[in-house]
Structures are given as structure tokens and as C-alpha cells.
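Peer 1: After the C-alpha cells below, expect a handful of questions from me.
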Amino acid sequence: MSVAAAAPPRLKLRGITKRFPGTLANDAVDLVVRPGEIHALLGENGAGKSTLVKIVYGLLAADAGEIRWDGKPVSIQSPNAARALGIAMVFQHFSLFDALTVAENVALGLPGSRSVEALAPVIREVGDAYGLALDPERPVHTLSVGERQRIEVVRALLQEPRLLVMDEPTSVLTPQEVERLFETLRRLRDAGVSILYISHKLDEIRELCDRATILRRGRVVATADPRAETAATLGALMVGGTIGGAAHHAGPASAAVRLEARALTLPAMSPTGTGLTGVSFAVRAGEILGIAGVAGNGQGELLAALGGEVATQPADALLLDGVPIGALDVRRRRALGLAYVPEERVGHGSVGELPLTDNVLLSGLRARVMGALGMLDRGATRRYAAEVVARFQVATTGIQAIARSLSGGNLQKFLIGRELMQGPKVLVCGQPTWGVDAGAAAAVHQALFDLANQGAALVIVSQDLDELFLLADRIAVLNRGRLSAPRPAGELDAEAVGLLMGGVHGETHDVAA
Amino acid sequence: MWRLEQRSAPSVPMQVATPFIALAASVIAGGVLFTALGHPPLPALYAFFIGPVTTSYGLAELAVKATPLILCAIGLAIGFRAGVWNIGAEGQLTLGAVCGGGLAAMVFYDASGVWLLPLMLLAGAAAGLLWAAIPAFLRTRFGVNEILVSLMLTYVALLALSALVHGPWRDPTGFNFPESRFFPPDATMPLILAGTRLHLGFPLALLVALIAWYALARTILGFQLDVAGLAPRAARFAGFHPERTVWLVFLVSGALAGLAGVIEVTGPVGGQLVPVISPGYGFTAIIVAFLGRLHPVGIVLAALVVALSYLGGENAQITEGLPQAVTGVFQGFLLFFLLAADVLVRFRLRRVAHA
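Residue numbers (numbering that gives the first Met the number 0), protein chains in the order written: chain A, 0 to 512; chain B, 0 to 354.
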């Protein structure tokens, strides 16, 4: 890379500023990406990473600042202009058609028209060169998430980019898939491609990236060599201070079983869903059970079945303190002390368009917020919402703010607080800190620990392994609707869990399911 | 090229203002239309919008026309808030009139007593409710689209009425006109203002609006409907059963439309069943519901505005020689501008360069 250092930077941003109503998303951001380097853009959720890359990719226009490409000032008005310069982007969320083949999907995503037949050998060629094994004839719905991401990467590479932007690419991958992706990215770097790698995962950045630009609240707070830093020092730069660790001691192994599933079986709830097959576990008072797994392996069905949104047969496939609850609906389960926090905060856990005072009613009907005869006691509702906001330090403009206006972290604090206020015996929680900034995540974790320490049993369904290792006493893995036997977290490492997560979704299966 | 871009937060004052903007735009478009038809716009607009309400009789007529609109629109709005689309209020209204009126024309035509009218109102509401239960059943049981079923059942109801008054229910002493017997005097709506046709149905409709307002704003029922419409998954999370919401909506809106039907035949229609008993109140109520922002108070105001379009059309026909079709055109303008204004409240138009 000695050659690279002499050449002008591939991308140079100076003083990029972007203001949204109420926030300064980017405040005079400077960024330099050299040819043939993997450059990390590191920051918490809401630090301004996405805004910055959207400006680079022409999806947003900066209010002020200058973009230089190979030393020359440019104006990037649209994604087409970005592609014309040689900038390609792989988004966090894929845009693929499940029913079409790999080659058809690639053809659809490319500018101009190239025949599917002509593309197939090209896809193989690019795949061989960069370790992105893909069968062009395979329909997308038979592929694992990691393979789907490869399609997006191949599609980006066919445009022969000189700068590849990757937005949180590993959030949906198993550890083994992450390793393969890194291998590809290193090969690309060695071929002279610059990579702008967006993440908040410190270990990944230390392993992969040559340099890192760290954003906090829209500003560049440091540019560092991630290999010379520790995860702790990088983390401190990212959040601007150290975060207090949360503490939890598992209840005694002799504590009473609070929630038990016995061979819980459920058909898929939607054509793209995954049903549950013989899911069994038991959670004791004071214990936290973590359920790991790649998205789409039955998490939605499991949460719905535990929370009570679907009934399960037979009724004693689910027991709460020994009482069969499989046939009971959400409200009856709540009355027995089962609280539930769904994965999706807006639209499921809350109604985005309604104020917090209304949103407490969704699960808080039981908790004396409702007057006689179905009339709403507005005063009680307001007091309840205000108490949740105060006790769980929810940052909001007030209890009349609509749920959608809260940041992800604050809304999650509110939703978890709403359940904890009712003193549940069992809490079922999906993705407690997905998309939540580090400060709020610590608060959420502490609240969960406190609940367990008070003798509740917790089931946490999450795709974030770090979180599960931090929280859970025991971990089980959900794969294709089957749950592995829960094992003490101390006996497991990320690799072992990763293998279970991969399961039959592995790399080498030839038979389409 | 122009593109619609979602606004981060629609302005609340604008959401309240859109019905007024739509109304103003409709008046302007009406003026342009009258000019194009060769009439000086100002006298024509006067005849359409002001003339009808310059007399106390005209004002009373306004309330008479608004009555079925309020009753139907309240029911529809309850459903629209919950994302359940009953488009068949016209049919439920017609069947309410058939059953309530049939009771007076075919069973109790010699009877008298204060019990007769309440019995007919109940029968009409029950008929509308049962007619609306068909789409509710098909939707909850088999997932059949309720829009299509409720709409198609409207035509069944209209033809049923026509068949009855042309055939078995025809007045034996009515010179073969397709009309039923006249109802007995105790089976007609009491008038409440001398010299006009204003009847008890109007205060009844206002009472229904008041009750609906309270139920929607202050009870768990109204909350349940809003949640079901805004976020169906959150409704399931709260333990509100989606099937029960569909049933509730259809039964309530069907009963209200059926009630409106009996009130029409016992009141303004003149105390008998005739082949056509409604100038499309059940369909126009859809416009009223949206113009009133699905809010009971808004609906009362919107019903008065839309009622004016019926009176205006008649008046403009008499004084200006304009075709009565301008009533429908004006209602169309109103809905069109309302929807357009709503889109612009939620989105902004932005010019984008060609890619």
C-alpha cells in the first residue's frame, strides 16, 4: 500500500454538514478513504453514519461541505451519479426477489440490459475470484442469509466499483459467514478497491479495518488505527465515556420452574414463516434463558406462541407456574403474570401514531388504568405513562408525544418499562436492544437483570450473540423451528453457538429445502 | 419529472384545514363548470350554495337530508377507523326501509299505537344489521373481501325493494302504481317544526353522533378500533381479536344504516315504500365520513355541507336551468379535492432531475 499513500485519496469529505429538523446529523465531518484500504466508519446508532453514507451515495444532499473523488471536487446528485463515479453500496436490508434465481436478481439490479444467460458465467467468475461461491441458477428463496448477501456483493462488484460501501453487513450473519465475508473484503482491498465499512461492532473493526473514523453525535471525534486500539478504548471513543457494566446472579438451580414449554409445535404463521417443531425448555425463577438464531428460523412464531398471540395445542404444551396457558389469549396470560415485549417496537409493541398515554393501554389494561364499564380513565392513564417515563428515564418531549417520535432506545425503555411496572412473573422479550444506542442498551440490560434478581423468569430471543452472552444464564439456539437443548452460557463460546445457528443453513448443502 | 416525497410529520393544523380547502376548491371548480355551461358563475353559485338556505323551510330541508347521511356516515367512519370497509350502507339502508316499512305496509296497516313506530325502527335497524352480517361472516370465516361483498349486496337489496313494490307489496287500491300502501298515521315520523318537513329523526341522528363521539374518544371500544386500523399487529398484541372488530363494525354500521332507511320511509319519503327511497345516501355517506375526518362532530358538519349539494342541485335546476347532475358532480369535486389535499398534507411534490 505504499503506492496508495502517494496517490490522491479516493474519497475525501471536508466539512460535510447535514441538518434535519431538530438535529444536526452531520456536523462538519471530514473523512479520507485511500485507495485499497478498508476504512471503518464507527459510531453508535444515531451518530450520523447512515446520513453520511447516504450523502456519499447521492441519496441525500449535504447542506454544506465538499466531496473530492480522486482529488477532484464532485457533486453527487443521485445514486446513478455515484455509480458512474465507481461507488457501489451494499445495504443492510436486501432488495431481492425470492421467487427469481440468483442470475435474474443480479440482472434486475444492473443498469442497462444484460441477458441472464450471459451473466451466469460472469457471476461464477467474480465468485471464484473473490470467494463468493454462488450458483446462478438457484432460486433465492432456497438460499441462506449469508448467501443472499453474497448476491448483493456480487451485484455491486459487477459494476467494477472503486469504492464499496457496506452498511452493517454482519448484523444478520453467523460467525462463520462473517469470516467468509471478511476474506472476500480483504481480497477486494488487495485488488485496489477501497471499502467504507460501517459498523458498531468493535471486534470486527479491529480484525478487518486499516483505519477508523469515529463519529459521535454527528461529529468526527477521532481517526484511529483500530489495530493499535483495544475494544475498550474504541468503545470509549464511540460512546464518550465508559459504560457501567450490569450485574446479575442467577437464581439457585433449585428455584421453581416458572415457564415451561413441552414439545411446543406450531405451524408457520405466514407463507414465509417457519413453524415450530417440538420446542422444549424450562426457565426457573431468577433465571434468564437466551434464545439465539439467525432471523427467520421461527423467532416470530416462538414469540407469538409464548406471548399468547396464537394459541397452541395442547394447552399444557406451555405452563406458567404449573398452570397450562397454551389455550389462553394474550390478556388472560397477562393476568397470570406473563409479560411480553415483541421484536418490532413500532407497529407491534406500540402504535406509532398514538401518544404514549394511549400506548400504555395496549398491555396495561389490567393495571388499573381502565375505569368501570370500558370507559377510559384518562387521568390514570396519564399518571401511568408519566411513571414509566420517569422510572425508566425515557427521553421524550412529554407523555403526549407519539410513539414514533421517540428514538429506538427510548421507545424500548418505554416498552420494557410498561411491562416491568406490572411486576411480571415471566418476561418474554424479542431483540431487547436491536438498533438501540449503547447507553440505552445498558439501561435495558440493567432493567432485565433487576427483574431476574426479583425472581422473575426471563426468555430473551435475540440475534445478537454478544448480548446473549452478557445476559443469559443458559443459551439455546433456534434453527428451522427446532430448539437445541439449553446449555449454561459459561460452557459455550461464540463459535459453538454459531455452528448451531448455521445448522442445516450451512454452506455446503446441495439439496434445496 | 415530479415525485411525491413523504413529509416527516404531517402538520396537524393542515389536517384540520383540508376539508375547508377541499370545499373552497370545489366551489371554485363549480364556478368554472357553471361558466363552461354558459351560465354566469356568481348567480349560479348563489343558486346552488346560498339560495336553498335563505328560508327556514330550506334550513329544515338541509337537516332532513343530513339525517340519513349522518347516521350512515357515523357507522361507516367507525369501520374506516378500524380499517374495515363497509361500502354497502346503501343496501343496508334499503333493506332497513323494506323491513321497517313492510311491517307497516303489510302487517300493521290497520293498527295504531305509540308502540308501532319504535317497533318499525327496531325492525329496520335489525334488518340493516343482518344484511351487514353477511359480509362480516364471509370476511371472518373465509377471508372474502368485505368491500366487494357489501357493495354487491347493495344491488341485491335495491332489486329486492323494486321486486316487492312492483309485485306482492303493491297497494291493492293504488291504480297499479309500483308503490306500497300508505303507513298508518302512528307509523310516521313526528314532525318537530310546523310548516317544514323537519322530523324527529334529525335530533335522533345528533344523539347517535354524540354517543359515537363519547364511545370513540372515551371508551376502550374506540381505542380498540383505532389500534386495529393503525397497527393490526399491535391490536393482536393488546389482545383485541381482529374478527370481533370486523363483526362489531359491520353490525353497528349496518344497524345505523338500516335505521336511516326506516326513518326515510316513515318521514321524507311520505309514509310508503316506493321503488327508489334514497338518492344514494349510503354511497354519499362515504364522502361525508371522510370529509368529516372520521370524527362524529366533523361528520355532522360534513353531512350538512353535502346535504346542501342535494338542495343546491334542485334549486339550480329550478332557477338557473342547470341539470340536476351538478349535484353528483359537486360531490365528486368534493371527494377529489379532499383526497388530493390529503395527499399533499402527507407528501410534498418535489421536482427531480431525469436519471
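Note that beta-carbon positions come from the ideal geometry of N, C-alpha and C, so glycine has one too.
1. Nearest-angstrom Cα distance between B/A71 and B/V299?
2. Could you tell me if the beta carbon of A/G145 falls within a distance shorter than 8 Å of some heavy atom in the ligand HEM?
3. Under a three-way DSSP split, which group does A/D26 fall into?
4. Per DSSP, what kind of secondary structure is B/N144 in: helix, strand or coil?
5. Quick check on A/Q158: does DSSP put it in helix, strand or coil?
6. Using only the alpha-carbon positions, how far apart do A/T222 and A/D62 sit?
7. Are the region 265-272 of chain B and the region 167-184 of chain B in contact at 8 Å, needing three or more beta carbon pairs?
8. Which residue's Cα is closest to the Cα of A/R330: A/A394, A/S349 and A/L361?
9. By the 7 Å beta-carbon criterion, what residues does the region 78-99 of chain A contribute toward chain B?
10. Curious, which full-length alpha helix (DSSP H) runs of at least 4 residues does the region 360-431 of chain A contain?
11. Less than 8 Å between the CB atoms is what I'm expecting for B/I27 and B/V207, so what's the real figure, rounded?
12. Could you give the residue range of the alpha helix (DSSP H) that holds A/F19?
13. Mind pulling the alpha helix (DSSP H) runs of 4 or more residues that sit fully within the region 75-127 of chain B?
14. Flag this pair as yes or no: are the beta carbons of B/L290 and B/L333 separated by less than 9 Å?
15. Which class does A/V520 belong to by DSSP, given the choice of helix, strand or coil?
16. How would you write the range of the beta strand (DSSP E) that A/L301 sits in, first residue to last?
17. So that I know if they touch, is there some Cβ in chain A lying closer than 9 Å to that of B/I20?
18. Taking 9 Å as the cut-off, decide whether the C-beta atoms of B/L102 and B/A186 are in contact.
19. Taking 9 Å as the threshold (beta carbon to beta carbon), is A/Y383 in contact with chain B?
20. CB-CB under 6 Å to B/Q223, same chain, minus the five flanking residues each way: which ones, in chain order?
21. Just curious, the beta strand (DSSP E) that A/R179 is in, first and last residue?
22. To which residues of the same chain is B/I86 closer than 6 Å at the C-beta, ignoring the five residues directly before and after it?
23. Do you know offhand how far B/D109's Cα is from A/Q312's?
24. I need the boundaries of the beta strand (DSSP E) containing A/K71, first residue and last residue.
25. Do A/Q421 and A/G497 have their CB atoms nearer than 9 Å?
26. Looking at the secondary structure, which residues open and close the beta strand (DSSP E) in which A/H38 lies?
27. Once DSSP output is grouped into helix, strand and coil, what is the label at A/D463?
28. Pull up the CB-CB distance for B/A131 and B/G260, whole angstroms please, since I reckon it's below 8 Å.
29. Under 8 Å by Cβ, that's how I've got A/G289 and A/I459 pegged, so tell me the actual separation to the nearest angstrom.
30. Counting only beta-carbon atoms, is B/G238 nearer than 9 Å to chain A?
31. Just list the residues that DSSP pairs A/N478 with in beta bridges.
32. Against chain B, with Cβ distances strictly below 9 Å, would A/P8 count as a contact?
33. List the endpoints of the continuous beta strand (DSSP E) containing B/V268.
34. Could you tell me whether the Cβ atoms of A/L84 and A/Y129 are closer together than 9 Å?
35. Suppose the cutoff is 6 Å on Cβ atoms and the five residues either side in sequence are ignored; what does the same chain contact list for B/F282 look like?
36. For a contact meaning CB atoms closer than 7 Å, what does A/E352 contact in chain B?
Peer 2: Taking the geometry as given:
1. Position 72 of the second sequence, counting from 1, holds the residue named residue 71 of chain B. Position 300 of the second sequence, counting from 1, holds the residue named residue 299 of chain B. The amino acid occupying residue 71 of chain B in the given sequence is Cys; Ala does not appear at that position. Going by the C-alpha atoms only, they are around 11 Å apart.
2. Absence of the ligand HEM from the depicted structure is noted, as is the absence of any ligand whatsoever, leaving it without description.
3. Stepping through the first sequence from its first residue, residue 26 of chain A is reached at position 27. Correct three-state label for A/D26: strand.
4. Position 145 of the second sequence, counting from 1, holds the residue named residue 144 of chain B. Looking at B/N144 - three-state DSSP - the assignment turns out to be coil, as it is neither helix nor strand.
5. Reading the first sequence from its first residue, position 159 is the one you call residue 158 of chain A. A/Q158: coil per DSSP, three-state reduction.
6. Against the first sequence, residue 222 of chain A aligns to sequence position 223. Against the first sequence, residue 62 of chain A aligns to sequence position 63. Each residue's alpha carbon lies about 23 Å from the other.
7. yes
8. By 1-based counting over the first sequence, the position of residue 330 of chain A is 331. Shortest Cα-Cα distance from A/R330 to any of A/A394, A/S349 and A/L361 involves A/L361.
9. Residues N79.
10. 377-390 and 407-419
11. By 1-based counting over the second sequence, the position of residue 27 of chain B is 28. By 1-based counting over the second sequence, the position of residue 207 of chain B is 208. Contact between B/I27 and B/V207 does not hold, since the beta-carbon distance rounds to 34 Å and is not under 8 Å.
12. Looking up residue 19 of chain A in the first sequence gives position 20. Taken as a continuous stretch (DSSP letters only), A/F19 belongs to no alpha helix (DSSP H), being part of the beta strand (DSSP E) at L10 to F19.
13. 88-101
14. Your numbering for residue 290 of chain B matches position 291 in the second sequence. Your numbering for residue 333 of chain B matches position 334 in the second sequence. With respect to the 9 Å criterion, B/L290 and B/L333 are classified as neighbours on the basis of their beta carbons.
15. Nothing about residue 520 of chain A can be read from this structure; chain A reaches only from 0 to 512.
16. As a working mapping, residue 301 of chain A is identified with position 302 in the first sequence. Not the beta strand (DSSP E): A/L301 falls in the alpha helix (DSSP H), residues Q298 to G306.
17. Against the second sequence, residue 20 of chain B aligns to sequence position 21. B/I20 does not count as touching chain A.
18. Taking the first residue of the second sequence as position 1, residue 102 of chain B is located at position 103. Taking the first residue of the second sequence as position 1, residue 186 of chain B is located at position 187. Their beta carbons are under 9 Å apart, which means B/L102 touches B/A186 by this criterion.
19. Position 384 of the first sequence holds residue 383 of chain A. A/Y383 does not count as touching chain B.
20. The residue given as residue 223 of chain B occupies position 224 in the second sequence. Cβ within range, chain order: F239.
21. Looking up residue 179 of chain A in the first sequence gives position 180. Note, A/R179: premise wrong, no beta strand (DSSP E); alpha helix (DSSP H) at P174 to D189.
22. On the second sequence, residue 86 of chain B is found 87 positions in, with the first residue counted as 1. These residues qualify, in order along the chain: I146, S149 and L150.
23. As a first step, residue 109 of chain B must be located in the second sequence, where it is residue number 110. As a first step, residue 312 of chain A must be located in the first sequence, where it is residue number 313. Cα-Cα distance, rounded: 60 Å.
24. For this step, residue 71 of chain A is matched to residue 72 along the first sequence. Segment K71 to V73, the beta strand (DSSP E) holding A/K71.
25. Here the question's residue 421 of chain A lines up with position 422 in the first sequence. Here the question's residue 497 of chain A lines up with position 498 in the first sequence. Not a contact, by the Cβ cut-off of 9 Å.
26. Taking the first residue of the first sequence as 1, we reach residue 38 of chain A at position 39. Run containing A/H38: I37 to L41, per the beta strand (DSSP E) assignment.
27. Mapped onto the first sequence, residue 463 of chain A falls at position 464. Of the three classes helix, strand and coil, the one that applies to A/D463 here is coil, per DSSP.
28. Position 132 of the second sequence holds residue 131 of chain B. Position 261 of the second sequence holds residue 260 of chain B. Going by Cβ atoms, the distance from B/A131 to B/G260 rounds to 12 Å, so no, they are not a contact pair.
29. For the purposes of this step, residue 289 of chain A is taken as the residue at position 290 of the first sequence. For the purposes of this step, residue 459 of chain A is taken as the residue at position 460 of the first sequence. With 8 Å as the limit, A/G289 and A/I459 qualify as a contact, their Cβ atoms being about 5 Å apart.
30. Within the second sequence, numbered from 1, the residue matching residue 238 of chain B stands at position 239. So yes, B/G238 belongs to the interface.
31. For the purposes of this step, residue 478 of chain A is taken as the residue at position 479 of the first sequence. Bridge partners of A/N478: A/R481.
32. Taking the first residue of the first sequence as 1, we reach residue 8 of chain A at position 9. A/P8 does not count as touching chain B.
33. Here residue 268 of chain B is taken as the residue at index 269 of the second sequence, counted from 1. B/V268: not part of any beta strand (DSSP E); DSSP gives it neither H nor E.
34. Working through the first sequence from its first residue, we reach residue 84 of chain A at position 85. Working through the first sequence from its first residue, we reach residue 129 of chain A at position 130. Result no, Cβ atoms of A/L84 and A/Y129 do not sit closer than 9 Å.
35. If you number the second sequence from 1, residue 282 of chain B lands on position 283. Hits under 6 Å: E89.
36. Taking the first sequence and counting its residues from 1, one reaches residue 352 of chain A at position 353. Listed along chain B, the residues sitting closer than 7 Å to A/E352 by beta-carbon distance are L229.
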